[in-house]
Structure formats: C-alpha cells, structure tokens
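S.K.:
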Amino acid sequence: MTDTNRAFVFYAITLALALGIAMSASIIGEASTVVTMFTPAIAALIMLTIVAPEGGIRTAASLLCLNRAGLKAWPVAVAAPTAIHLAGFAMLALTGLATFAAPQMTGSPAIAVAKITVGLFIGTSFALAEEVGWRGYMLPRLLSLGVWPAMLIVGFLHGVWHLPLMLTTDYYHSAGNPLLVVPLFLATLTLVGTFYGFLRLWSKSVWPVAIAHAAANMAWDVMSDITQTKSALVTEYVGGESGLIVIAGLLIFSAIIYLKWDFNKSDRA
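Throughout, this note's numbering is defined as the position within the sequence shown, counted from one, plus 196.
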C-alpha cells in the first residue's frame with residue numbers, strides 16, 4: 197500500500213467514525229463534539245496496528261511526530277491564532293458591529309495566568325487527538341503530491357470531516373444559513389491547513405500544531421466572552437472563527453509562509 201493510499205484509507209475510516217457519531221448524536225448528546233475529536237487518533241491507531249502496520253510503538257510515535265517537542269514553533273503557534281482573533285474582534289468594534297466588555301477579574305494576575313495555562317494545556321490535549329491524525333499521520337503521507345497540495349488537501353478534508361455533525365445537529369455552528377456557513381467554514385479550514393502544515397513540517401513535530409489548534413479555540417472563546425454583537429450572524433459570517441475577517445487573516449499568513457518558507461527543505465520526518 198502506497199503512502200497516498202494509506203492517507204485516504206485513514207481518511208475514510210475517520211469520516212466513517214464521524215458519520216457514525218453524528219447519527220448517534222441523539223443518544224450521545226452534546227458530548228458528540230468531544231467524542232468526534234478523538235476519531236482521527238483512533239483512525240491513525242487502526243492504520244498503524246491493523247490496516248497498514250509500520251513498526252512498533254516507538255516507531256509509531258516517531259511516524260506520528262510525537263517524539264519531538266518542536267519548541268521553536270511554540271511561540272508562533274500561540275501568537276498567530278491569538279493575533280488573528282484579536283484583530284478580528286478589534287475590526288468589529290471599530291466598525292460598530294460589536295462592543296467589548298472588560299472581563300471581571302477574580303483573584304490575582306498570577307491566578308489568571310495559571311488558569312489560561314491550564315486551559316491551554318487541556319485544550320492542547322484534546323486538539324492533539326485531532327492533529328495526531330491530520331498532521332501527524334495524513335499530511336506526511338500526501339507529501340508525494342507536493343507540499344502545498346498536501347497541506348491544502350488535508351485542510352479541506354479536515355473541514356469536510358466536521359460536516360456530519362455540523363449539518364445534522366445543533367451542537368456546532370448551528371447559527372446562520374448553511375449555504376453560507378459551510379463554504380466559509382471549508383475555506384477557513386483549508387487555509388488553516390497551510391498554517392498547521394507549516395508548523396508541522398517546520399518543527400518536524402505535531403505538538404506545535406496541537407498547541408496552535410488549542411490557542412485558536414481559546415482565543416475564540418475568550419473573545420466571544422468579552423464581546424457583544426448586534427447579531428449572532430455578524431459573528432458567524434464576519435468576525436467568528438470562520439468569518440470573513442479570520443479568512444482574510446489566514447490568507448495573509450498563507451502568503452507570508454509561501455513567500456518566506458523554503459518548503460523544499462521539508463520532508464516526512
């Protein structure tokens with residue numbers, strides 16, 4: 197089985213698991229979103245132990261890029277998603293589409309920092325369940341198609357994987373017209389695939405990708421908590437996690453990566 201075939205068999209398993217969870221959402225309830233997050237890791241484990249084994253546990257950890265911390269990419273992993281979401285909500289405020297309400301501080305600044313750190317750690321643990329599959333297993337096995345095609349394909353398919361839950365339940369992006377929400381969401385995930393792919397290949401580790409994924413989720417949650425908009429649709433279409441402003445920010449990051457990063461140096465490791 198070629199690497200490309202492995203990648204698409206992995207995806208078929210992951211999508212099938214996501215479809216199964218979506219069909220069982222009436223029983224699982226709101227936990228469906230959390231359970232779905234683990235399907236890429238489960239699919240990668242199935243590939244490496246049953247469908248297409250590539251060595252023992254130590255080899256598997258290496259193949260999934262879990263054996264390197266990739267510390268040099270951690271600052272970028274945290275700063276970039278935070279900057280995009282901060283800029284998005286700032287633009288909403290400047291245009292009068294949203295107002296900010298300062299968060300109520302309880303306890304010392306040290307406690308606040310500790311809470312953020314713990315939140316990022318927990319978020320990274322959950323995000324790792326996704327990224328060990330997308331950027332740990334699938335991306336390296338598509339590099340024969342070219343670095344940029346591989347990053348974009350994984351990003352797009354990552355977005356499609358969300359659709360069963362998004363289109364059949366009220367647990368994820370239920371506000372707005374699906375004819376608008378779905379294209380915006382797929383565009384966002386496709387573009388974020390270039391950023392996550394860059395982190396993975398630059399650092400040769402999946403950990404910075406999981407951190408970036410968690411940082412994006414946390415930044416979105418924090419900004420949502422301290423922001424009031426005149427309409428939920430403003431957030432969904434314009435300033436939300438897959439709104440036009442975030443898409444514009446990701447386009448800028450993608451352009452910077454394309455112009456500055458020597459992707460010819462990237463390899464499977």
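Even for Gly, the Cβ is constructed at its ideal location relative to N, Cα and C.
How long is the line joining the alpha carbons of residue 443 and residue 387, rounded to whole angstroms?
M.R.: 7 Å
S.K.: Residue 449: which of 216, 225, 213, 280 sits nearest, CA to CA?
M.R.: 280
S.K.: Going by Cα to Cα distance, which pick from 349, 343, 251 is closest to residue 453?
M.R.: 343
S.K.: Just mark residue 226 as buried or exposed, buried being the case when its beta carbon has 16 or more other beta carbons within 10 Å.
M.R.: By the neighbour-count rule (16 or more Cβ atoms within 10 Å), residue 226 is not buried but exposed.
S.K.: Does DSSP put residue 294 in a helix, in a strand, or in coil?
M.R.: strand
S.K.: Rank 382, 206, 395 by C-alpha distance to the C-alpha of residue 268 and give the top, closest one.
M.R.: 395
S.K.: So, with DSSP's three-state summary, where would you put residue 347?
M.R.: helix
S.K.: Closest to residue 436 by CA distance: which of 407, 380, 234, 404 is it?
M.R.: Among 407, 380, 234, 404, the Cα nearest to that of residue 436 is on 380.
S.K.: Ends of the alpha helix (DSSP H) at residue 398?
M.R.: 374-399
S.K.: Does DSSP put residue 234 in a helix, a strand or coil?
M.R.: coil
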